[in-house]
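Count along the sequence shown from 1, then add 15; that gives the number in the numbering used here.
All C-beta atoms, glycine included, are put in the ideal place defined by N, C-alpha and C.
All remarks here apply to the structure that follows.
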Amino acid sequence: MLKPPRLDLRRLERELVLAADARGPKLAPGGRPVTGLMALVRENLDALVALQAGGSTWKEIAAGLTAQGYKTADGRPLTDTDLTGVISSVRRQAKRDAARAATRQSRLDLPQRAPHGPERRLSLSADLVSSASSHDPPAIDASASEEAIRRENLDKLQDLLKPSLSKKD
């Protein structure tokens, strides 16, 4: 029987990088190229709405985003219709996510999610924490050697052992 060839992980990593490069740009759902516009609007929705409320038109805002390199999926410059469409999508997603979260909160059979706050520090259990007054290492029973501890534990297990393996005196 032939032995299978050995796996060369370094070569595999190089081939995966080449395959990823050959695959081309990352695609959004529907096979459209990812432009980053949706993420930009999602992160800066309040600022964009404030600009529009401050007197700028969506057309001017779209032109400014195009000047910064944002385009549609097919490479065209952004229009006001494109921008307002993305803004509407982001608002719809936020509304849907809020409705789902409210539905989840009302369900009693699901555990409550932990709030996203500062991470708690890990600490030792109470039996592992040394007392604050004593910084000395715990005193070790000098009379109990490893051999004595082993024999003591073996005596506790005698009823589980086969008779031939029992303690020979």
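Alpha carbon of Arg57 to alpha carbon of Val101, nearest angstrom: Along the sequence shown, read from residue 1 onward, the residue named residue 57 stands at position 42. Along the sequence shown, read from residue 1 onward, the residue named residue 101 stands at position 86. In a straight line, the C-alpha of Arg57 is about 9 angstroms away from that of Val101.
Same chain, Cβ closer than 6 angstroms to Thr11, five either side skipped, listed in chain order: Coverage of the chain is limited to positions 16 through 184, which leaves residue 11 absent and any answer about it impossible.
Sequence ranges, alpha helix (DSSP H) only - wholly within the segment 73 to 108, length at least 4: 73 to 82
Distance CB(Leu98)-CB(Ala77) smaller than 8 angstroms: To locate residue 98, count along the sequence shown from 1; it is residue 83. To locate residue 77, count along the sequence shown from 1; it is residue 62. In this structure, Ala77 lies closer than 8 angstroms to Leu98 by Cβ.
Residue range of the alpha helix (DSSP H) that includes Arg129: Working through the sequence shown from its first residue, we reach residue 129 at position 114. For clarity, residue 129 is Ala in the given sequence; the question names Arg instead. It is not in any alpha helix (DSSP H) - Ala129 carries neither H nor E in the DSSP assignment.
Minimum C-alpha distance to Pro126 - residue among Gly46, Lys177, Gln108, Ala116: On the sequence shown, residue 126 is found 111 positions in, with the first residue counted as 1. Nearest of Gly46, Lys177, Gln108, Ala116 to Pro126, Cα basis: Ala116.
DSSP three-state assignment for Pro19, whether helix, strand or coil: In the sequence shown, the residue the question calls residue 19 occupies position 4. Pro19: coil per DSSP, three-state reduction.
Exposure of Thr118, with buried meaning 16 or more beta-carbon neighbours within 10 Å: The residue labelled residue 118 in the question sits at position 103 within the sequence shown. By the neighbour-count rule (16 or more Cβ atoms within 10 Å), Thr118 is not buried but exposed.
Straight-line gap, Leu123 to Ala129 (C-alpha atoms, nearest Å): What you label residue 123 is simply residue 108 of the sequence shown in a count that begins at 1. What you label residue 129 is simply residue 114 of the sequence shown in a count that begins at 1. Straight-line Cα distance between these residues: approximately 15 angstroms.
CB of Lys74 within 8 angstroms of CB of Thr50, strictly: Here residue 74 refers to the residue found at position 59 of the sequence shown. Here residue 50 refers to the residue found at position 35 of the sequence shown. For Lys74 and Thr50, no; Cβs fall outside 8 angstroms.
Local Cβ density within 10 Å of Leu63, reported as buried at 16 or more and exposed below that: For the purposes of this step, residue 63 is taken as residue 48 along the sequence shown, with counting starting at 1. Label assigned to Leu63: buried.
Pair within 8 angstroms by beta-carbon distance, Ala88 and Arg38: Start at 1 with the first residue of the sequence shown, and residue 88 comes out as number 73. Start at 1 with the first residue of the sequence shown, and residue 38 comes out as number 23. Against a cut-off of 8 angstroms, the Cβ pair of Arg38 and Ala88 comes out as no contact.
Distance between Gly90 and Gln83 (C-alpha atoms, nearest Å): Along the sequence shown, one-based indexing puts residue 83 at 68. Along the sequence shown, one-based indexing puts residue 90 at 75. Those two C-alpha atoms are separated by around 14 angstroms.
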